[in-house]
Amino acid sequence: MPFPYSLAIFDLDGTLVDSAADIAESVNRTLRDWKLPTYDTAQITEWIGEGSRKLITYAFRHAGSDADIDDVMPGFLVHYAETALDAVAYDGVVETLAALHAQGVKVAVCTNKNEEFVKPLLDARGMLPFVDGIVGGNTLPERKPSGVPLRYLAERAGVSIAETLMVGDSESDVLAARDAGMDFVLVSYGYRKSLDLHATGALAVIDRMPDLLTIQPAATSRG
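Going from the sequence shown to the numbering used here is simple: count from 1 and add 24.
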């Protein structure tokens with residue numbers, strides 16, 4: 025069956041790529057620079073999803089540091105750039121994006137990762153040829169959980185909200201999709217923290233990205 029949406033907007037970290045280990049490495053390198061304790065990947069994963077500034081703020085405050093985050097960020101972004109391309113695509117992601125592209129479905133990426141890190145990563149993992157639009161955490165004045173980036177991508181693609189689907193893994197994605205008024209699907213393998221995926225009102229919760237190709241909209245969701 026043809027995919028029932030004209031535009032699919034994907035979160036990046038925890039949805040398209042597993043980046044927890046490389047993000048943890050960049051955080052720990054920064055903590056070492058400031059002679060602070062480091063943390064395992066599981067702990068740092070709990071801080072992922074709200075952008076790099078919030079991430080490093082959580083890490084420094086957890087380490088008991090009251091350092092000015094403006095002073096910390098330049099060094100962190102250097103380490104982040106050093107590790108950003110280490111993220112790996114989840115199983116079936118590239119094939120799913122290619123299948124959507126082949127059907128004429130537009131594909132966009134909306135992430136709270138700074139925009140300058142997004143295109144090189146998508147390119148390195150073979151996804152960039154299938155992506156029509158990108159919004160990073162520093163692209164617009166607002167980022168997820170605001171729905172502004174999602175509405176912006178839909179407008180740029182010339183697609184109505186009713187014909188747009190958001191695919192993500194976290195509360196930030198859920199809140200952004202609700203704010204934008206669009207249907208959303210969640211993946212079960214991402215960085216959900218304590219989010220109860222099945223209580224969010226998601227159209228579906230999928231275990232592998234290729235399962236996205238079989239979803240159908242709820243009868244009430246398309247007006």
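Note that CB positions come from ideal geometry on N, CA and C, so glycine has one too.
- Residue range Leu31 to Phe34 is occupied by the beta strand (DSSP E) that includes Phe34, with no alpha helix (DSSP H) assigned at that position.
- The beta strand (DSSP E) runs of length 3 or more contained entirely in the stretch 132 to 189 are, from start to end of the chain, 157 to 159.
- In terms of CA proximity to Pro26, Gly128 leads the group Ser196, Leu109 and Gly128.
- The alpha-carbon of Leu199 is positioned some 13 angstroms away from that of Arg175.
- If you draw a 10 Å sphere on the C-beta of Lys59, you find fewer than 16 other C-beta atoms in it, and that means exposed.
- Per the coordinates, the alpha-carbon of Val142 lies some 31 angstroms from the alpha-carbon of Gly88.
- Here the stretch 82 to 97 does not lie against the stretch 123 to 138, with fewer than 3 beta-carbon pairs under 8 angstroms apart.
- Comparing C-alpha distances from Asn136 to each of Leu36, Leu237, Ile239 and Ser30 shows the shortest one belongs to Leu36.
- Under the Cβ criterion (8 angstroms, minimum of three pairs), the stretch 183 to 196 does not count as touching the stretch 151 to 166.
- In this structure, Gly160 sits away from Gly38, with a CB-CB distance that is not shorter than 9 angstroms.
- For Val96, the enclosing alpha helix (DSSP H) has its first and last residue at Ile93 to Thr107.
- Assigned with DSSP and collapsed to three states, Ile230 falls in strand.
- In the three-state DSSP reduction, Leu210 falls in the strand class (E or B).
- The beta carbon of Asn162 sits closer than 7 angstroms to those of Asn138 and Glu139, all from its chain and outside the five residues before and after it, given in chain order.
- Collapsing the DSSP output to three states places Asp57 in a helix.
- Around the CB of Glu179, fewer than 16 other CB atoms lie within 10 Å, so the residue is classed as exposed.
- Gly73 is positioned such that its CB atom lies closer than 9 angstroms to that of Tyr215.
- Asp90 sits in coil when the DSSP states are folded into three classes, being neither helix nor strand.
- Spanning the alpha carbons of Ala201 and Thr107 requires a straight line of approximately 29 angstroms.
- It is roughly 28 angstroms from the alpha-carbon of Val102 to the alpha-carbon of Val172.
- Around Asp46, the same chain offers Thr107, Ala108, Asp110 and Ala111 as residues with beta carbons nearer than 7 angstroms, after the five sequence neighbours per side are excluded.
- Shown here for Ala204: same chain residues with a beta carbon closer than 6 angstroms to its own, the five before and five after excluded, namely Gly171, Leu174 and Arg175 in chain order.
- Close CB contacts of Met206 within its chain, under the 6 angstroms cut and outside five residues either way in sequence, are with Ile185, Thr188 and Met190 (chain order).
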